[in-house]
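Asks: In the working numbering, the protein residues as written are 1 to 882.
Mind having a look at this structure? Questions to follow.
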Amino acid sequence: MAGKVGMVVKNGVFLAILGVNFLPGSEFDQTWKIGDNKYLTRIYPVPVFFSSTKGESLKFMSDSVKRCYPDDNTYWTGSLAKKGNQYSKSSGTVRVSSEPSGGSDWWYQGWFKFNLSAIPDSSTIDTVALNFYCSNRSSQIPYAYVRLLPGDPVSASDPTLWSWLTTGTIVSPARSIDLNWQTRGLNAIGKAAVESCLGQNWIAFGLHEFTYRTGAWAEVKGHGSGENTPYLEIAYTLPARSDISMEEILEPGFVLPVGTIVTPTGRWRNRQPHPDNYYAWFIFINPAGQRTTLPGIQVLGQRGESDTVLFFTPFAFNDTGLWIVRCSTYAENDIDPNNDIRERYFRVIQNSGGNCFDVAVTEITSPVGVIDTGSTVVPRARWRNQSGNPATFFAYCALINPEGIRTYTNSVLLSDFPPSADTTIEFTPYNIGYQTGQWAVVCSTVALGDTNPDNDWRWGSFSVAAGGGSPKGWHEVSSVPLPPSSKAVKDGGWLTYDQGSGLFFIAKGNKTGDFYSYDPVADTWRELCLWPGGIENKGPAKGATGAADGAGHVFAVKGNNTLGFWCYYIDGDSWHQLRDVPAGPSGKKVKGGSDMVVINQSGNQYVYLLKGYKNEFYRYHCNGDSWEQLPDAPQALHPKWDKGSWLAYDGNRYIYAHKAKYHEFWRFDLYTAAWDTHRLKGMPFLSRTGKNKKAKDGSSGAYLNGGVFALKGGNTCEFYRYEPEGDTWTELEPMPEVGSTGKKKRVKGGGDLVAMGENILYALKGNKTRELWYYCYVPEADALGNGVQSEITTPVFTKERIRIFPSLAREGVLALEFEEEMRFLFPLKGALYDNAGKLVQIFAIDSHRASLNLTQLPAGIYWVSLENQSGLRFFRKIIIAH
């Protein structure tokens with residue numbers, strides 16, 4: 001690759017070509033800049049679609065570019081001189097001159113003939129530029145047209161060639177000829193001519209100096225001039241080509257009883273980014289070599305870069321022996337015949353009793369946890385032969401995306417697998433792509449003679465998230481920019497995540513209008529329109545908060561004893577002041593303790609606002625620009641919702657509200673439009689450090705992965721997760737005190753917490769810093785290895801044979817009982833994990849009754865792990881509630 005061209009794209013808008021640098025005969029790929037110091041390079045001969053930060057689909061044609069040169073043969077470049085009725089034709093240098101006075105001297109015109117064989121005949125020509133090197137010229141400036149020659153200058157007669165050179169269609173207007181390299185872009189006629197000449201593999205142009213009696217002349221290098229050889233630079237687009245591949249034969253399996261009727265099933269893939277049509281076939285060849293072709297299926301408009309599963313006419317297998325199944329595809333202009341056919345063997349056997357065995361899927365070891373988008377995973381799982389007989393079986397693994405579509409299936413054959421043995425099977429690697437959310441992984445056993453189908457399947461799950469490959473815990477990213485105010489984030493600072501654009505929007509507070517967007521994928525910042533002072537001419541301070549709706553808007557209040565309510569329009573980078581927040585019964589303006597969430601209910605969008613520091617609660621109708629007063633937030637013993645109070649929406653029915661200083665925790669029911677009368681447990685005052693601290697300014701909460709996460713703020717770094725099931729809090733890893741500044745800073749005024757995707761939270765530390773952090777949460781089951789998988793089922797070691805009670809342990813004692821048949825499995829290894837996956841206790845079980853003393857453990861969700869001597873284990877969730 002001799003050179004690259006880059007197209008700068010900012011917020012989805014094409015800005016500029018970065019630069020070109022080529023060697024003769026080279027071609028190049030294209031690079032799009034999608035963020036500061038982040039580039040995306042693709043080589044495609046067909047349309048490519050990218051998503052901008054605004055979420056829309058942007059189409060770029062990935063052009064190929066070639067330089068087409070003249071052959072180093074006689075008359076592929078040259079000059080024709082005319083004096084009166086005399087002509088003189090020469091090869092090589094292209095010389096042009098002004099028409100002499102009275103025809104007394106030679107008058108020169110020149111031409112170029114270019115070899116187009118490098119351009120595929122079916123291409124669409126996008127741009128053409130003639131490039132030539134002027135080595136010498138007169139002091140008088142020569143001017144010349146570029147004209148299309150309708151024939152071959154090599155074989156044309158001199159008079160005919162002269163006529164072409166001076167009267168041919170103009171494809172580039174008159175321009176002066178200067179020394180060194182010159183470029184002449186061709187017009188639409190010139191481009192069309194190049195396109196029409198692709199079949200003949202050449203085209204010719206003349207250089208016509210048209211001035212009269214000026215004495216101007218120029219000499220241009222011709223063919224065989226090395227690095228100064230003239231050339232056409234042609235950008236072209238290949239037509240949409242097809243590449244349909246037969247990916248996988250799903251049915252029939254590998255071993256079938258005779259007489260089985262199967263619905264033949266296969267998976268085909270469109271490997272190009274455009275929709276395409278094709279035919280698919282299934283063929284069976286029996287042990288005698290007789291071929292049966294099933295009726296083909298025509299597929300119309302399968303979307304680009306996608307798979308589809310096709311089901312064919314059911315077929316009965318009545319002949320025992322070794323069969324062949326062959327699947328194939330046909331598409332017009334398919335560029336890769338090597339992936340059009342897939343075939344394999346399978347066996348049809350007599351359905352006799354045969355050798356019986358029991359093979360179980362015991363554990364899925366990969367993929368698990370949180371995986372970054374675009375990662376390649378290697379599925380792995382463990383199988384165990386739990387019988388006394390050898391086993392021959394197929395191990396299958398499939399991946400299912402968040403939409404429920406199976407995107408990957410792979411199988412491995414194990415023959416004569418020994419009795420009482422286990423093994424880990426590794427499947428073909430798979431690129432997970434960019435579909436975020438919760439995926440499923442399923443492993444299964446397929447075998448004739450397997451006596452226990454209950455343990456032939458195991459399900460697991462994993463999450464795909466941008467940045468999900470990061471290790472669990474806190475990680476600092478690029479800091480909030482210093483300009484334009486040169487202030488740090490303080491009281492009134494906030495951030496919100498806009499799912500539509502994939503960006504965070506951040507206000508510094510600190511009485512400044514500084515406002516930014518942050519791209520979490522590129523780790524880049526963009527300074528946005530300043531938040532205006534508005535009618536009240538105040539900047540955001542204590543009580544300021546904002547929330548994005550995912551549809552191009554960010555709603556916000558400034559706090560700071562104002563009533564102004566604002567909307568930032570992402571597309572227009574502009575602020576608009578909306579109808580004020582009501583003064584309400586208290587007559588108070590918005591101060592510290594305020595928070596808001598945006599919720600879509602039955603197709604209508606609302607902003608729910610907790611108006612600090614009192615307990616007024618409102619919702620704003622986005623469609624009608626109007627406010628509605630809702631039941632006040634509960635007062636209980638403390639009516640004041642002070643700085644550090646916050647809201648968190650669960651995405652479904654409830655808004656959680658935490659009252660700063662007093663740690664009252666309440667829930668608002670969207671279905672009934674009322675607050676629950678039952679008060680929930682608030683964030684713990686006592687932390688693992690042994691210190692009692694209250695939630696104050698900087699405290700904030702966000703709902704993620706089935707629970708509420710919260711920063712305590714108040715000049716602490718404490719971090720918690722609340723489990724609605726069990727009404728319990730778990731203290732997690734605190735936000736680091738020391739960040740990129742090297743100074744010890746804790747969360748205080750301006751701190752905020754926001755969820756992104758399934759497993760990521762972003763947080764501002766506030767407290768006169770510009771630090772931005774993210775936290776990668778590994779879900780409870782993934783933290784325990786295979787906890788999200790189906791319970792292990794074996795003939796003896798099963799959950800049904802073990803009793804762990806009570807599941808809600810209020811007295812601090814947990815009892816375990818095992819059925820008598822399990823006595824030979826002892827001793828069992830036991831372990832207790834907290835909800836963050838941290839090991840808190842190890843114990844051994846050596847009899848069918850045991851008890852655990854949990855009185856020293858804080859309340860919360862825990863997991864009991866039991867493992868037998870063969871390495872089989874399962875988990876049981878318990879809740880400790882003192």
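A virtual CB, placed ideally from N, CA and C, is assigned to each residue, including glycine.
Bear in mind that the values here come from a model prediction, so they are computed numbers and not experimental data.
Could you give the distance in angstroms between the alpha-carbon of G190 and the alpha-carbon of F132?
Replies: 17 Å
Asks: Taking the alpha-carbon positions, what's the C717 to V747 distance?
Replies: 6 Å
Asks: Pick from T362, T423, A541, L828: whose alpha carbon is nearest that of K511?
Replies: A541
Asks: In chain order, which continuous runs of the beta strand (DSSP E) of length 3 or greater are located wholly inside the region 216-303?
Replies: 217-220, 231-237, 244-251, 255-257, 265-270, 276-285, 291-293, 297-302
Asks: Can you tell which of P264, T166, E737 has the C-alpha that lies nearest to the C-alpha of I905?
Replies: A query on residue 905 cannot be resolved here, the shown segment of the chain reaching from 1 to 882 and no further.
Asks: Using 9 Å as the threshold, is the C-beta distance between W494 and G546 below it?
Replies: yes
Asks: Could you have a look at T883 and say whether DSSP puts it in helix, strand or coil?
Replies: Residue 883 falls outside the range modelled here, since the chain spans only 1 to 882, and no answer is possible.
Asks: Among N318, G321, D319, G296, which has the Cα closest to the Cα of L310?
Replies: G296
Asks: If you drop the 5 nearest sequence neighbours on each side, which residues of the same chain put their C-beta closer than 6 Å to that of K82?
Replies: W107, W162
Asks: So is T886 buried or exposed if we call it buried at 16+ other beta carbons inside 10 Å?
Replies: Residue 886 lies beyond the stretch modelled for the chain, which goes from 1 to 882, so this question has no answer here.
Asks: Helix, strand or coil: which one does DSSP assign to A421?
Replies: In the displayed model, A421 falls within coil according to three-state DSSP, outside both helix and strand.
Asks: In angstroms, rounded to a whole number, what distance separates the CA positions of F425 and V442?
Replies: Position check: residue 425 holds Ile in this sequence, whereas Phe was assumed. Going by the C-alpha atoms only, they are around 13 Å apart.
Asks: From this set, V590, S138, V348, S478, which residue's C-alpha is nearest S740's C-alpha?
Replies: S478
Asks: Could you pull out every residue in the same chain whose Cβ sits closer than 6 Å to the Cβ of N431, ignoring the five residues on either side in sequence?
Replies: T376
Asks: So, are the CB atoms of R241 and Q272 less than 9 Å apart?
Replies: yes
Asks: I believe R579 touches D549 by the beta-carbon criterion, under 8 Å. Please report the beta-carbon distance rounded to the nearest angstrom.
Replies: The pair is not a contact, with the Cβ atoms about 17 Å apart (cut-off 8 Å).
Asks: Could you check if F685 is buried or exposed, using at least 16 other CB atoms within 10 Å of its CB as the buried criterion?
Replies: exposed
Asks: Under DSSP, the beta strand (DSSP E) around T496 begins and ends at which residues?
Replies: 494-498
Asks: Considering only residues of the same chain and omitting the five flanking positions on each side of V412, which have a CB-CB separation below 6 Å?
Replies: A395, I425
Asks: Going by Cα to Cα distance, which pick from N410, I364, P419 is closest to Q386?
Replies: Nearest Cα to Q386 within the set N410, I364, P419: P419.
Asks: Counting only the same chain and skipping the five closest in sequence on each side, list residues whose C-beta sits under 8 Å from that of R380.
Replies: I364, T365, S366, T424, I425, E426, F427
Asks: Between the Cα of W531 and the Cα atoms of A544, R384, E731, which residue gives the shortest distance?
Replies: A544
Asks: Suppose contacts are defined by Cβ-Cβ distances below 9 Å. Is V581 in contact with T496 by that definition?
Replies: No; because the gap between Cβ atoms is not below 9 Å, this pair is not in contact.
Asks: Report back the beta-carbon spacing between K591 and Y613 to the nearest angstrom; my notes put them in contact at under 8 Å.
Replies: 5 Å
Asks: According to the Cβ coordinates, are L814 and L854 closer than 9 Å?
Replies: yes
Asks: Kindly indicate which three-state DSSP category I880 falls into: helix, strand or coil?
Replies: strand
Asks: Could you compute how far the alpha carbon of K744 sits from the alpha carbon of P736?
Replies: 9 Å
Asks: If contact is defined by three or more beta carbon pairs under 8 Å, each pair taking one atom from either stretch, is the region 328-337 in contact with the region 237-256?
Replies: yes
Asks: Is D697 closer than 9 Å to D514 when the C-beta atoms are compared?
Replies: no
Asks: Near R679, what residues of its chain come up, given a Cβ to Cβ distance below 8 Å and the 5 sequence neighbours on each side ignored?
Replies: P634, A636, E664, F665, W666
Asks: My output table needs one value for W863: the three-state DSSP class, helix, strand or coil.
Replies: Here W863 sits in strand by DSSP.
Asks: What is the residue span of the beta strand (DSSP E) that L116 lies within?
Replies: Unbroken run through L116: none, as it is neither H nor E.
Asks: Taking 6 Å as the limit between beta carbons, can you name the residues of its chain near D307, skipping five residues before and five after?
Replies: R267, R269
Asks: I need the straight-line Cα distance from S176 to G199, nearest angstrom please.
Replies: Rounded to the nearest angstrom, the gap between the Cα atoms of S176 and G199 is 33 Å.
Asks: Looking at C-alpha atoms only, which residue of E219, I349, G726 is the closest neighbour of G860?
Replies: G726
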